[in-house]
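> Just remember that the working numbering sits 54 ahead of the position in the sequence shown, which is counted from 1.
Sharing a structure with you now.
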Amino acid sequence: MKQGFVYLVGAGPGDYGLISIKAIECIKQADTIVYDRLADDRLLDHARPNVELIYVGKASSDHTMRQEDINQLLVDKAQENKVVVRLKGGDPFVFGRGGEEALKLLKNNIKFEIVPGITSAISVPAYAGIPVTHRGIATSFAVITGHEDPTKAESNMKWDKLATAVDTLVFLMGVENLPHITRKLIEHGRPAETPAAVIRWGTKPEQEVLVTTVGQAAGDVAAKGLKPPAIFIVGQVVALRDKLAWFDNKPMFGKKVLVTRAREQASALTEGLAKLGADCIEAPAIKIMPPETYQPLDDAIAAIKEYDWLIFTSVNGVEHFFARLAAAKLDTRAIAAKVAAIGSQTASRLQSYGITADIVPAEFRAEGIIEMLEPHITAGMKVLIPRAVVARDILPEKLKGLGACVNVVPAYRTVTGDTDGQVLADKLTAGQIDLVTFTSSSTVTNLLHLLGANGAQLVAKAKIACIGPITAETCMNHGIKPDVIAEEYTIKGLVEAITTLFCD
Ligand code: SAH
Numbered sequence: 055m056k057q058g059f060v061y062l063v064g065a066g067p068g069d070y071g072l073i074s075i076k077a078i079e080c081i082k083q084a085d086t087i088v089y090d091r092l093a094d095d096r097l098l099d100h101a102r103p104n105v106e107l108i109y110v111g112k113a114s115s116d117h118t119m120r121q122e123d124i125n126q127l128l129v130d131k132a133q134e135n136k137v138v139v140r141l142k143g144g145d146p147f148v149f150g151r152g153g154e155e156a157l158k159l160l161k162n163n164i165k166f167e168i169v170p171g172i173t174s175a176i177s178v179p180a181y182a183g184i185p186v187t188h189r190g191i192a193t194s195f196a197v198i199t200g201h202e203d204p205t206k207a208e209s210n211m212k213w214d215k216l217a218t219a220v221d222t223l224v225f226l227m228g229v230e231n232l233p234h235i236t237r238k239l240i241e242h243g244r245p246a247e248t249p250a251a252v253i254r255w256g257t258k259p260e261q262e263v264l265v266t267t268v269g270q271a272a273g274d275v276a277a278k279g280l281k282p283p284a285i286f287i288v289g290q291v292v293a294l295r296d297k298l299a300w301f302d303n304k305p306m307f308g309k310k311v312l313v314t315r316a317r318e319q320a321s322a323l324t325e326g327l328a329k330l331g332a333d334c335i336e337a338p339a340i341k342i343m344p345p346e347t348y349q350p351l352d353d354a355i356a357a358i359k360e361y362d363w364l365i366f367t368s369v370n371g372v373e374h375f376f377a378r379l380a381a382a383k384l385d386t387r388a389i390a391a392k393v394a395a396i397g398s399q400t401a402s403r404l405q406s407y408g409i410t411a412d413i414v415p416a417e418f419r420a421e422g423i424i425e426m427l428e429p430h431i432t433a434g435m436k437v438l439i440p441r442a443v444v445a446r447d448i449l450p451e452k453l454k455g456l457g458a459c460v461n462v463v464p465a466y467r468t469v470t471g472d473t474d475g476q477v478l479a480d481k482l483t484a485g486q487i488d489l490v491t492f493t494s495s496s497t498v499t500n501l502l503h504l505l506g507a508n509g510a511q512l513v514a515k516a517k518i519a520c521i522g523p524i525t526a527e528t529c530m531n532h533g534i535k536p537d538v539i540a541e542e543y544t545i546k547g548l549v550e551a552i553t554t555l556f557c558d
């Protein structure tokens, strides 16, 4: 019989990438995940579809499950023979109460493992360009709770030793206690002019860094209204930030970008922009669905040998065509026709099915495509175009004009995405979106549909980036002027174009 087991797992400080391979393996296996205010929600995407998710962090009511109850929950779930992952920010043993949970499991004879995480104590300073040790400047560092109640008669903190014995001091959970912490440090001999920094939401696009001194920290934080979660770091190493700041120096750091692509296809764009430091908000304006019926596509596939040309106009067309080919228990070998792929991304997706397109028009306009196809098409040739239900009709008409017998079959359907238009409208109104990205005409029309009456005016409050001229034309038709249009009509091209917009 399967035995209950608990993994106490560190989820890292916030940046999605700062989690271990082992932690992800645990998340994948889990029957139950018990998590608090998490590093990144996307980590839960690794979980199995039927996983049980239990949130024990602060809810909107600011209510947190008591630690004893969390300990008991872990025991109960393990006793139901579940594989339980207890997912925590940073490292489970650095002010994470992982030790208490492990002791409780031990007491109940439940097997457990600890999966360490990257603690905020070291990584948050690193993202602010502050090394916790540095040759010639700091040979030691300490990680200290800043949470101690200042009204407590007997302090557990050895302030007299801490203040001066260690070069770099990193306080967690201390923002609200800064007046007390800094007073104690100064009282016990740390010079008031020692460099210090407060770093909020470190490693995330929202990261804020306040450089100050021990003497001025409390006042500066109050003046700026900095709230948790933040760390407070004290020591000469803070001065290195002047030279070593890297994360918040990225060209798009702090910029909020709307990604309107379908959810399944958003990641390449999001990752490309995140590398530039952007904070991407995935708000799918479209959703790719199967067509009302696959019958015409299935009929065409049944007669696939009769076709002289197959024309794919998009990656989605390729995906849906091959899915139906497989459903008919056929594969690439069934295709004898010549193949045209519009755009390099469509061609590369075909390549993944072992098909090298015979022609790849880089031009997306029907006129340009026809120009490339014309020498290859003779009267009576049969052409199959599996594509979106609603798509531009010029291409088949032009092909018919050349005497070809054209069959356009619906391979997929683009519908409006599930995004909440009102939330987006509010963000745009408040000027909280710096850039809107459009990767197809349908992202434009559907975003405007989601936004309602003043959609075009709202979108125009942000900068606009389009993947190519057709998408740009759709924008213009709706009264939206793109700020930049990719030269190469791919996600890579779009990211490059956006870079030029923000890097001058
Ligand atoms: N186990 C965690 C710490 C939990 S205590 C770890 O190893 O990182 C919670 C405190 O950690 C917060 O009050 C704050 O001081 C700090 N913290 C965690 N993540 C942070 C982040 N991304 N930016 C700044 N401080 C963070």
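Quick reminder that beta carbons are idealized off the backbone N, C-alpha and C, glycines included.
Pick from A514, I539, K515 and K517: whose alpha carbon is nearest that of A526?
For the purposes of this step, residue 526 is taken as residue 472 along the sequence shown, with counting starting at 1. Checked all of A514, I539, K515 and K517; the closest Cα to A526 is I539.
> Classify P103: buried if its beta carbon has 16 or more other beta carbons within 10 angstroms, exposed otherwise.
Here residue 103 refers to the residue found at position 49 when the sequence shown is read from its first residue. P103 should be labelled exposed.
> Scan the region 106-166 and note each continuous alpha helix (DSSP H) run of 4 residues or more that stays entirely inside, going in chain order.
Listed in chain order, they are 121-133 and 152-161.
> Which residues bound the alpha helix (DSSP H) around E421?
Along the sequence shown, one-based indexing puts residue 421 at 367. That run of the alpha helix (DSSP H) goes A420 to L427.
> Is C80 helix, strand or coil when you go by DSSP?
Taking the sequence shown and counting its residues from 1, the one referred to as residue 80 is at position 26. Helix at C80.
> For the beta strand (DSSP E) that Y543 lies in, which residues bound it at each end?
Sequence index remark: in the sequence shown, residue 543 carries index 489 (1-based). Run containing Y543: none; DSSP gives neither H nor E here.
> List the DSSP bridge partners of P464.
Taking the first residue of the sequence shown as 1, we reach residue 464 at position 410. R441, per the DSSP bridge assignment.
> Looking at the ligand SAH, does it come within less than 7 Å of P565, judged from the CB to the closest heavy atom?
In this structure the chain extends from 55 to 558, so residue 565 is not present and cannot be described.
> I'd like to confirm the pairing. Which residues does DSSP put opposite I73 in its beta bridges?
As a first step, residue 73 must be located in the sequence shown, where it is residue number 19. According to DSSP, which records beta bridges pairwise, I73 is partnered with nothing at all.
> Would the C-beta of T257 count as close to the ligand SAH, meaning under 7 Å from any of its heavy atoms?
Here residue 257 corresponds to residue number 203 of the sequence shown, with the count starting at 1. Yes, the beta carbon of T257 sits closer than 7 Å to at least one heavy atom of the ligand SAH.
> Can you name the start and end residues of the alpha helix (DSSP H) that C529 belongs to?
Walking along the sequence shown from the start, residue 529 turns up at place 475. It spans P523 to N531 - the alpha helix (DSSP H) in which C529 sits, taken as one unbroken run.
> Do V460 and I439 have their C-beta atoms within less than 8 Å of each other?
Counting from 1 along the sequence shown, the entry for residue 460 is found at position 406. Counting from 1 along the sequence shown, the entry for residue 439 is found at position 385. It is a contact, given that the beta carbons lie within the stated cut-off.
> Spell out whether any CB of chain C is found under 8 Å from the CB atom of E428.
Absence of chain C from the displayed structure is noted, only one protein chain being present.
> What is the C-beta distance between V139 and V63, in whole angstroms, given that I count them as a contact (C-beta under 8 Å)?
Against the sequence shown, residue 139 aligns to sequence position 85. Against the sequence shown, residue 63 aligns to sequence position 9. That pair is a contact at about 5 Å.
> Whole angstroms are fine: how far does the CA of V220 sit from the CA of A196?
The sequence position of residue 196 within the sequence shown is 142, counting from 1. The sequence position of residue 220 within the sequence shown is 166, counting from 1. About 7 Å.
> Between V291, G485 and L128, which lies nearest to T193 when the distance is taken from Cα to Cα?
Stepping through the sequence shown from its first residue, residue 193 is reached at position 139. Closest by alpha carbon: V291.
> Counting C-beta neighbours from all protein chains within 10 Å, is the total for A484 16 or more, i.e. buried, or is it exposed?
Residue numbering aside, residue 484 sits at position 430 when the sequence shown is read from its first letter. Flag for A484 reads exposed.
> Closest to S368 by C-alpha separation, out of A356, I342, R387 and L379, would be which residue?
By 1-based counting over the sequence shown, the position of residue 368 is 314. Nearest option by C-alpha distance: I342.
> Are the region 404-412 and the region 334-349 in contact at 8 Å, needing three or more beta carbon pairs?
Touching, no.
> Can you find a heavy atom of the ligand SAH that lies under 7 Å from the Cβ of T173?
As a working mapping, residue 173 is identified with position 119 in the sequence shown. Yes, since a heavy atom of the ligand SAH falls inside the 7 Å radius drawn around the Cβ of T173.
> Alpha carbon to alpha carbon, how far is V186 from C334?
In the sequence shown, residue 186 corresponds to position 132, counting from 1. In the sequence shown, residue 334 corresponds to position 280, counting from 1. Going by the C-alpha atoms only, they are around 30 Å apart.
> So, do the region 146-164 and the region 116-131 have three or more beta carbon pairs nearer to each other than 8 Å?
Yes, the region 146-164 touches the region 116-131.
> Is the distance from the Cβ of K136 to the Cβ of D85 below 8 Å?
Reading the sequence shown from its first residue, position 82 is the one you call residue 136. Reading the sequence shown from its first residue, position 31 is the one you call residue 85. Yes, they are a contact pair.
> Let me know if K535 comes out buried or exposed under the rule of 16 or more other beta-carbons within 10 Å of its beta-carbon.
One-based indexing of the sequence shown puts residue 535 at position 481. The residue is exposed, with fewer than 16 neighbouring Cβ atoms inside 10 Å.
> Report yes if the C-beta of M343 is less than 7 Å from at least one heavy atom of the ligand SAH; otherwise report no.
As a working mapping, residue 343 is identified with position 289 in the sequence shown. Not so, every heavy atom of the ligand SAH lies at least 7 Å from the Cβ.
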